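**Student:** Before I ask anything, here is the structure I am working with.
2 protein chains.
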Amino acid sequence: MTLKAQFDHSNCDDCPIRHRAVCAQCETDELEELEDIKYYRSFEAGQTIIWSGDPMNFVGSVVSGIASLTQTMEDGRTQMVGLLLPSDFVGRPGREIAPYDVQATTDLVMCCFRKKPFEDLMGKTPHIAQRLLQMTLDELDAAREWMLVLGRKTAREKIASLLSIIARRDASVSKTVLSGPIVFDLPLTREAMADYLGLTLETVSRQVSALKKDGVISLEGKRHVTIPDMGRLMEEAGDDSDGGFPV
Amino acid sequence: MTLKAQFDHSNCDDCPIRHRAVCAQCETDELEELEDIKYYRSFEAGQTIIWSGDPMNFVGSVVSGIASLTQTMEDGRTQMVGLLLPSDFVGRPGREIAPYDVQATTDLVMCCFRKKPFEDLMGKTPHIAQRLLQMTLDELDAAREWMLVLGRKTAREKIASLLSIIARRDASVSKTVLSGPIVFDLPLTREAMADYLGLTLETVSRQVSALKKDGVISLEGKRHVTIPDMGRLMEEAGDDSDGGFPV
DNA sequence: GTTTCCACTTGATCTCGGTCAAGGTATCCG
DNA sequence: CGGATACCTTGACCGAGATCAAGTGGAAAC
Numbered sequence: 001m002t003l004k005a006q007f008d009h010s011n012c013d014d015c016p017i018r019h020r021a022v023c024a025q026c027e028t029d030e031l032e033e034l035e036d037i038k039y040y041r042s043f044e045a046g047q048t049i050i051w052s053g054d055p056m057n058f059v060g061s062v063v064s065g066i067a068s069l070t071q072t073m074e075d076g077r078t079q080m081v082g083l084l085l086p087s088d089f090v091g092r093p094g095r096e097i098a099p100y101d102v103q104a105t106t107d108l109v110m111c112c113f114r115k116k117p118f119e120d121l122m123g124k125t126p127h128i129a130q131r132l133l134q135m136t137l138d139e140l141d142a143a144r145e146w147m148l149v150l151g152r153k154t155a156r157e158k159i160a161s162l163l164s165i166i167a168r169r170d171a172s173v174s175k176t177v178l179s180g181p182i183v184f185d186l187p188l189t190r191e192a193m194a195d196y197l198g199l200t201l202e203t204v205s206r207q208v209s210a211l212k213k214d215g216v217i218s219l220e221g222k223r224h225v226t227i228p229d230m231g232r233l234m235e236e237a238g239d240d241s242d243g244g245f246p247v
Numbered sequence: 248m249t250l251k252a253q254f255d256h257s258n259c260d261d262c263p264i265r266h267r268a269v270c271a272q273c274e275t276d277e278l279e280e281l282e283d284i285k286y287y288r289s290f291e292a293g294q295t296i297i298w299s300g301d302p303m304n305f306v307g308s309v310v311s312g313i314a315s316l317t318q319t320m321e322d323g324r325t326q327m328v329g330l331l332l333p334s335d336f337v338g339r340p341g342r343e344i345a346p347y348d349v350q351a352t353t354d355l356v357m358c359c360f361r362k363k364p365f366e367d368l369m370g371k372t373p374h375i376a377q378r379l380l381q382m383t384l385d386e387l388d389a390a391r392e393w394m395l396v397l398g399r400k401t402a403r404e405k406i407a408s409l410l411s412i413i414a415r416r417d418a419s420v421s422k423t424v425l426s427g428p429i430v431f432d433l434p435l436t437r438e439a440m441a442d443y444l445g446l447t448l449e450t451v452s453r454q455v456s457a458l459k460k461d462g463v464i465s466l467e468g469k470r471h472v473t474i475p476d477m478g479r480l481m482e483e484a485g486d487d488s489d490g491g492f493p494v
């Protein structure tokens with residue numbers, strides 16, 4: 001009886017890294033080895049998980065909640081460079097130092113692996129590296145998609161783009177119905193949205209209000225969003241095709 | 248006698264992908280296999296190598312010249328999302344479709360591998376995937392660094408950032424002397440610079456003139472740049488540390 | 001209850017970079 | 001040689017978004 005057969009794969013979903021990075025097709029035997037070096041960590045909203053420049057001795061993935069990657073200049077200007085939703089991977093095998101701040105945007109649970117053993121395991125099991133390569137290529141595409149948003153879109157288009165991304169990621173959790181209204185709670189403050197979009201929070205507020213006034217979205221309170229027509233929103237975002245941003 | 252011993256590694260430098268992606272420490276035996284699926288392609292300045300959305304049946308790396316990755320909206324707004332200098336890798340193992348336009352910015356020579364055989368080889372030789380993962384992580388860091396430039400820097404800082412990146416990459420070719428003036432030729436038109444920086448070509452022109460007037464750079468003709476003080480330039484760019492952008 | 005705090009909204013004004021337009025310079029080609 | 005073209009520069013004006021400032025609303029704390 002192989003390790004694979006012994007191991008209960010029925011709950012692969014509760015640990016995204018096992019599921020997405022390691023157990024891609026549930027065809028591996030090294031899961032037990034991973035179990036040995038795995039641990040969970042919880043963070044409160046607002047907490048900084050790691051500072052840019054600090055040594056980072058783990059890799060992992062988001063189980064629940066939202067984390068953000070942020071870069072900051074000396075004078076305080078900050079730019080969010082990534083949004084980590086559940087199942088997204090954090091960390092760089094082969095790197096010692098964190099290249100940006102990682103913060104918990106909401107309450108957050110992460111599934112972590114000590115970096116050294118994980119790297120060792122990666123050396124022994126080729127498809128982990130290949131799986132990570134695929135995920136990293138996805139992130140790279142997303143980052144480059146975002147460069148278009150930052151460099152060339154108007155404030156209104158930026159807001160629409162962000163809403164569209166969150167809607168697509170979030171909606172898939174609830175229901176993958178592309179027709180019919182999409183409903184979700186914004187997991188970001190106006191300030192966090194501004195940092196992501198390269199705007200000020202005032203401009204974010206104004207443009208959200210404008211989209212509401214024009215019926216592109218409707219708001220209940222400040223965070224609860226309903227999108228009556230996803231196609232309309234994507235038009236507003238200036239997206240022809242999809243413009244997926246899985247990060 | 249192993250293949251490795253038979254193979255002449257003395258010119259590993261003339262083929263960046265062999266050198267950087269495959270033959271990282273010249274410790275591999277599969278070089279001859281790669282030789283079989285390798286070919287070179289030349290492009291003239293301005294030529295489009297591949298269009299966004301087209302099938303891409305090769306991977307490769309830049310041998311000489313400069314290529315750019317570009318995204319375009321329906322209304323014509325364009326954003327450059329990557330600059331490929333010699334030794335940089337192009338292509339996504341495991342992907343069928345090119346996610347953005349790839350263009351030759353200058354005359355260009357690429358070293359290509361047919362994608363399918365390359366992927367097969369990658370499956371058999373783990374360290375190729377690991378090497379590609381490292382390179383992709385570098386690109387991702389660079390893209391995220393660039394998001395800060397696009398989202399939060401002023402026009403002057405953007406120009407200084409771009410000059411600083413080119414200077415650092417180009418200078419290492421000629422001489423890695425960080426003190427003393429750095430001299431290089433701009434490989435980009437004002438318009439290409441604008442597309443990279445999320446500006447208009449007029450603003451680029453104005454800010455280049457301003458940096459020249461202020462003695463941060465000096466120009467001979469329109470393209471030949473001398474940087475008397477690299478530290479000064481990096482201050483102008485708003486970079487504290489380095490902000491390297493290897494893409 | 002009311003006080004405090006935080007996230008958000010809205011208004012008034014300013015400014016950086018975009019837009020439109022004209023002119024300059026080098027190279028190629030008849 | 002003169003004319004065409006591509007690339008670049010400079011000026012005048014304008015507007016999207018930043019900045020500064022005041023006010024709102026809701027939830028937690030007292």
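The listed protein sequences correspond, in order, to chains A and B.
Oh and the first sequence: position 113 is 113 in the working numbering, straight run, nothing missing.
Here the working numbering runs 247 ahead of the position in the second sequence, where the first position is 1.
Glycine residues also receive a C-beta, built at the ideal position from the N, C-alpha and C atoms.
Note that this is a predicted model, so its numbers are computed, not measured.
1. Would A:I97 be called buried (16 or more neighbouring beta carbons within 10 Å of its own) or exposed?
2. Residues in the region 364 to 395 of chain B with C-beta within 8 Å of chain A's C-beta atoms, listed in sequence order?
3. How big is the Cα-Cα spacing for B:A407 and B:A484?
4. For the region 100 to 115 of chain A, list every residue whose C-beta sits within 9 Å of some C-beta in chain B, in sequence order.
5. Inspect the CB distances between the region 113 to 132 of chain A and the region 361 to 375 of chain B and report whether three or more fall short of 8 Å.
6. If I measure Cβ to Cβ from A:R223 and keep anything under 7 Å in the same chain, skipping five residues before and after, which residues do I get?
7. A:Q79 touches chain B at which residues, Cβ-Cβ below 7 Å?
8. Interface residues of chain B around A:Q71 at Cβ under 8 Å?
9. List in chain order: all unbroken alpha helix (DSSP H) runs of 4+ residues lying wholly within the region 359 to 406 of chain B.
10. Enumerated in chain order, which unbroken segments of the beta strand (DSSP E) with a length of 3 residues or greater are wholly contained in the region 300 to 371 of chain B?
11. Nearest to B:V306 by CA position, among B:G478, B:Y287 and B:L446, is which residue?
12. Against chain A, with Cβ distances strictly below 8 Å, would B:G329 count as a contact?
13. Between which two residues does the alpha helix (DSSP H) holding B:D442 run?
14. Is the distance from the Cβ of A:S164 to the Cβ of A:D75 below 8 Å?
15. By the 10 Å Cβ neighbour count, where 16 or more other Cβ atoms means buried, how is B:T473 classified, buried or exposed?
16. Identify each residue in the region 423 to 455 of chain B for which the Cβ-Cβ distance to at least one residue of chain A is less than 7 Å, and report them in chain order.
17. Whole angstroms are fine: how far does the CA of B:N304 sit from the CA of B:I296?
18. What would DSSP say about B:E483, mapped onto helix, strand or coil?
19. List the residues of chain A that B:G341 touches, going by C-beta distances under 9 Å, in chain order.
20. Do A:P126 and A:P181 have their beta-carbon atoms positioned less than 8 Å apart in this structure?
21. Taking 8 Å as the CB-CB cut-off, is A:G238 touching chain B?
22. Compute the Euclidean distance between the alpha carbons of A:W51 and A:T136, then round it to the nearest angstrom.
23. In terms of residue numbering, what span does the beta strand (DSSP E) encompassing A:E44 cover?
24. Is it buried or exposed, B:K405, if we count other Cβ atoms within 10 angstroms and call 16 or more buried?
25. Give the DSSP-derived three-state secondary structure of A:K222 in the structure shown.
26. Opposite A:D185 in the DSSP bridges: which residues?
27. Name the residue from A:T78, A:Q103, A:P55 and A:S64 whose alpha carbon lies nearest to the alpha carbon of A:D170.
28. Does the Cβ-Cβ distance between A:T78 and A:D214 come in under 8 Å?
29. Take the Cβ of A:A210 as the centre, count every other Cβ of all protein chains shown within 10 Å, and call the residue buried at 16 or more, exposed below.
30. Beta-carbon within less than 8 Å of B:A439's beta-carbon, same chain only, minus the 5 sequence neighbours each way: which residues are those?
31. For the alpha helix (DSSP H) that contains B:T450, what are its first and last residues?
32. How close, in whole Å, do the beta carbons of B:D348 and B:T319 come, if the pair is a contact with beta carbons under 8 Å?
33. Note down, in chain order, each residue of its chain lying with its Cβ closer than 7 Å to the Cβ of A:V109, except the 5 sequence neighbours on either side.
**Tutor:** Based on what the coordinates show:
1. The count along the first sequence starts at 1 and reaches residue 97 of chain A at position 97. Exposed is the label assigned to A:I97, since fewer than 16 other Cβ atoms lie within 10 Å of its Cβ.
2. Per Cβ criterion, the list reads M369, G370, P373, A376, Q377, L379, L380, Q381, T383, L384, E386, L387, D388, A390, R391, E392, W393, M394 and L395.
3. Position 160 of the second sequence holds residue 407 of chain B. Position 237 of the second sequence holds residue 484 of chain B. For B:A407 and B:A484, the distance between alpha carbons rounds to 5 Å.
4. Flagged, chain order: Y100.
5. The region 113 to 132 of chain A and the region 361 to 375 of chain B touch, with no fewer than 3 CB-CB distances between them shorter than 8 Å.
6. Working through the first sequence from its first residue, we reach residue 223 of chain A at position 223. Taken in chain order, the residues that qualify are D185 and L186.
7. Within the first sequence, numbered from 1, the residue matching residue 79 of chain A stands at position 79. The answer, in chain order, is M394, L395, G398 and R399.
8. As a first step, residue 71 of chain A is located in the first sequence; it is residue number 71 there, counting from the start. Near A:Q71 (Cβ distances below 8 Å), the residues of chain B are R391, E392, M394 and L395.
9. Listed in chain order, the complete alpha helix (DSSP H) runs (minimum 4 residues) inside the region 359 to 406 of chain B are 362 to 371 and 373 to 399.
10. Qualifying beta strand (DSSP E) stretches, in chain order: 305 to 311, 314 to 319, 325 to 331, 348 to 351 and 355 to 361.
11. The residue labelled residue 306 of chain B in the question sits at position 59 within the second sequence. Measuring from the Cα of B:V306, the nearest candidate turns out to be B:Y287.
12. Position 82 of the second sequence, counting from 1, holds the residue named residue 329 of chain B. The beta carbon of B:G329 falls within 8 Å of a beta carbon belonging to chain A, placing the residue at that interface.
13. Walking along the second sequence from the start, residue 442 of chain B turns up at place 195. Segment R437 to L444, the alpha helix (DSSP H) holding B:D442.
14. As a first step, residue 164 of chain A must be located in the first sequence, where it is residue number 164. As a first step, residue 75 of chain A must be located in the first sequence, where it is residue number 75. Inclusion of A:S164 and A:D75 in the CB contact set at 8 Å is not warranted, their separation being larger than that value.
15. Looking up residue 473 of chain B in the second sequence gives position 226. The residue in question, B:T473, is exposed, as its Cβ has fewer than 16 Cβ neighbours within 10 Å.
16. Residues passing the 7 Å Cβ filter: G445.
17. As a working mapping, residue 296 of chain B is identified with position 49 in the second sequence. As a working mapping, residue 304 of chain B is identified with position 57 in the second sequence. Here the C-alpha atom of B:I296 lies approximately 12 Å from the C-alpha atom of B:N304.
18. Locating residue 483 of chain B in the second sequence gives position 236, where the first residue counts as 1. In the structure shown, the three-state DSSP call for B:E483 is helix.
19. Taking the second sequence and counting its residues from 1, one reaches residue 341 of chain B at position 94. Listed along chain A, the residues sitting closer than 9 Å to B:G341 by beta-carbon distance are Q130, L133, Q134 and L137.
20. Reading the first sequence from its first residue, position 181 is the one you call residue 181 of chain A. Reading the first sequence from its first residue, position 126 is the one you call residue 126 of chain A. For the 8 Å CB-CB criterion, A:P181 and A:P126 do not form a contact.
21. Start at 1 with the first residue of the first sequence, and residue 238 of chain A comes out as number 238. With 8 Å as the cut-off, A:G238 counts as an interface residue toward chain B.
22. Numbered from 1 along the first sequence, position 51 holds the residue referred to as residue 51 of chain A. Numbered from 1 along the first sequence, position 136 holds the residue referred to as residue 136 of chain A. About 21 Å.
23. Residue mapping note: residue 44 of chain A aligns to position 44 of the first sequence, counting from 1. Premise fails: A:E44 is in no beta strand (DSSP E) and is neither H nor E.
24. Indexing the second sequence from 1 puts residue 405 of chain B at position 158. Buried, by the Cβ-count rule.
25. Start at 1 with the first residue of the first sequence, and residue 222 of chain A comes out as number 222. In the displayed model, A:K222 falls within coil according to three-state DSSP, outside both helix and strand.
26. If you number the first sequence from 1, residue 185 of chain A lands on position 185. Under DSSP, A:D185 takes part in a beta bridge, and its partners are A:H224.
27. Within the first sequence, numbered from 1, the residue matching residue 170 of chain A stands at position 170. Comparing Cα positions, the closest option is A:S64.
28. Mapped onto the first sequence, residue 78 of chain A falls at position 78. Mapped onto the first sequence, residue 214 of chain A falls at position 214. The criterion of a C-beta distance shorter than 8 Å is not satisfied by A:T78 and A:D214.
29. For this step, residue 210 of chain A is matched to residue 210 along the first sequence. That one is exposed.
30. In the second sequence, residue 439 of chain B corresponds to position 192, counting from 1. Contacts found: S315, M327 and T352.
31. Mapped onto the second sequence, residue 450 of chain B falls at position 203. For B:T450, the enclosing alpha helix (DSSP H) begins and ends at L448 to K460.
32. Position 101 of the second sequence holds residue 348 of chain B. Position 72 of the second sequence holds residue 319 of chain B. Here B:D348 really is in contact with B:T319; their C-beta atoms are around 7 Å apart, less than 8 Å.
33. For this step, residue 109 of chain A is matched to residue 109 along the first sequence. Within the same chain, A:V109 has close Cβ partners Y40, S42, V63, S64 and G65.
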